[in-house]
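A.B. asks:
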Amino acid sequence: MLEKSGFVALFEEPLDREKVERLVAHWIARFERVEQALPGGAGGGAATMEIRAVSDIFWEEHPQFRIAEGETFAWVYLSMRRKSVETTGFSTSGIPLSLEVLLELPRVCEIIDEKDEARLNELEREGIL
Numbered sequence: 446m447l448e449k450s451g452f453v454a455l456f457e458e459p460l461d462r463e464k465v466e467r468l469v470a471h472w473i474a475r476f477e478r479v480e481q482a483l484p485g486g487a488g489g490g491a492a493t494m495e496i497r498a499v500s501d502i503f504w505e506e507h508p509q510f511r512i513a514e515g516e517t518f519a520w521v522y523l524s525m526r527r528k529s530v531e532t533t534g535f536s537t538s539g540i541p542l543s544l545e546v547l548l549e550l551p552r553v554c555e556i557i558d559e560k561d562e563a564r565l566n567e568l569e570r571e572g573i574l
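Under this note's numbering, the first residue of the sequence shown is numbered 446, with each subsequent residue one higher.
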């Protein structure tokens, strides 16, 4: 049975269009496939489109991306003007992709495992999440 994994990355500053473009450019260069979930997928399902360049990004308040490497994928959830990015995926024998997509991103000051409820609750109380 696959075990879910997820992480939260905190950035030094809130995300804006330029910062999101840098994140997506990093993912495009590093991973096999980057897709963006489109709003209003048929029947409530998630429709996605491949992002090959930052100019392909569909701009919205809460963009979601699926990053794929082989058969493995991770979802990335972010909000404009927030300092955090959340990921979900599945554990693997090595570093989970849900963590790997956050590594080497510019201006990350902390990465928190989703199982660290104490730290996540603290960040919620502070209004960061």
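Heads up, the beta-carbon is just placed ideally off N, CA and C, and yes, glycines get one too. Predicted model, so just to flag it, every value in this text is computed and none were measured.
1) Taking 8 angstroms as the threshold (C-beta atoms), are E516 and E477 in contact?
2) Leaving out five residues before and five after R526 in sequence, what residues of the same chain have Cβ atoms less than 8 angstroms from its Cβ?
3) So, L544 versus I512, is the Cβ gap smaller than 8 angstroms?
4) Does R526 come out as helix, strand or coil in the three-state DSSP assignment?
5) Which first and last residues belong to the beta strand (DSSP E) in which V546 is found?
6) Determine the contact status of V546 and V521, defining contact as a CB-CB distance below 8 angstroms.
7) Name the two residues that bound the continuous alpha helix (DSSP H) containing A563.
8) Kindly indicate which three-state DSSP category E559 falls into: helix, strand or coil?
9) If you compare alpha carbons, which of F452, R564, P484 and L468 is closest to R552?
10) Check whether chain D comes within 8 angstroms of E477, counting only Cβ atoms and requiring the distance to be less than that.
11) What span of residues does the alpha helix (DSSP H) with A474 cover, start to end?
12) Please state whether the Cβ-Cβ distance between K464 and F535 is less than 8 angstroms.
13) Taking Cβ to Cβ, would you say F452 is nearer than 8 angstroms to I557?
C.D. replies: This is what the structure gives:
1) Mapped onto the sequence shown, residue 477 falls at position 32. Mapped onto the sequence shown, residue 516 falls at position 71. E516 sits away from E477, with the two beta carbons spaced by 8 angstroms or more.
2) Residue 526 sits at position 81 when you count from the first residue of the sequence shown. Taken in chain order, the residues that qualify are P459, L460 and D461.
3) Your numbering for residue 544 matches position 99 in the sequence shown. Your numbering for residue 512 matches position 67 in the sequence shown. Not a contact, by the Cβ cut-off of 8 angstroms.
4) As a first step, residue 526 is located in the sequence shown; it is residue number 81 there, counting from the start. Three-state result, R526: coil.
5) Along the sequence shown, one-based indexing puts residue 546 at 101. Run containing V546: none; DSSP gives neither H nor E here.
6) Along the sequence shown, read from residue 1 onward, the residue named residue 546 stands at position 101. Along the sequence shown, read from residue 1 onward, the residue named residue 521 stands at position 76. Between V546 and V521, the C-beta spacing is below 8 angstroms.
7) Within the sequence shown, the letter at position 118 stands for residue 563. It spans E562 to R570 - the alpha helix (DSSP H) in which A563 sits, taken as one unbroken run.
8) The count along the sequence shown starts at 1 and reaches residue 559 at position 114. Here E559 sits in coil by DSSP.
9) Start at 1 with the first residue of the sequence shown, and residue 552 comes out as number 107. Residue L468 is the option with its Cα nearest to R552.
10) Of the protein chains in this structure there is only one, and it is not chain D.
11) Taking the first residue of the sequence shown as 1, we reach residue 474 at position 29. Membership of A474 in the alpha helix (DSSP H) is indicated by the continuous run R462 to R475.
12) By 1-based counting over the sequence shown, the position of residue 464 is 19. By 1-based counting over the sequence shown, the position of residue 535 is 90. Not in contact: K464 and F535 (Cβ atoms no closer than 8 angstroms).
13) For the purposes of this step, residue 452 is identified with residue 7 of the sequence shown, where counting begins at 1. For the purposes of this step, residue 557 is identified with residue 112 of the sequence shown, where counting begins at 1. The Cβ atoms of F452 and I557 lie closer than 8 angstroms to each other.
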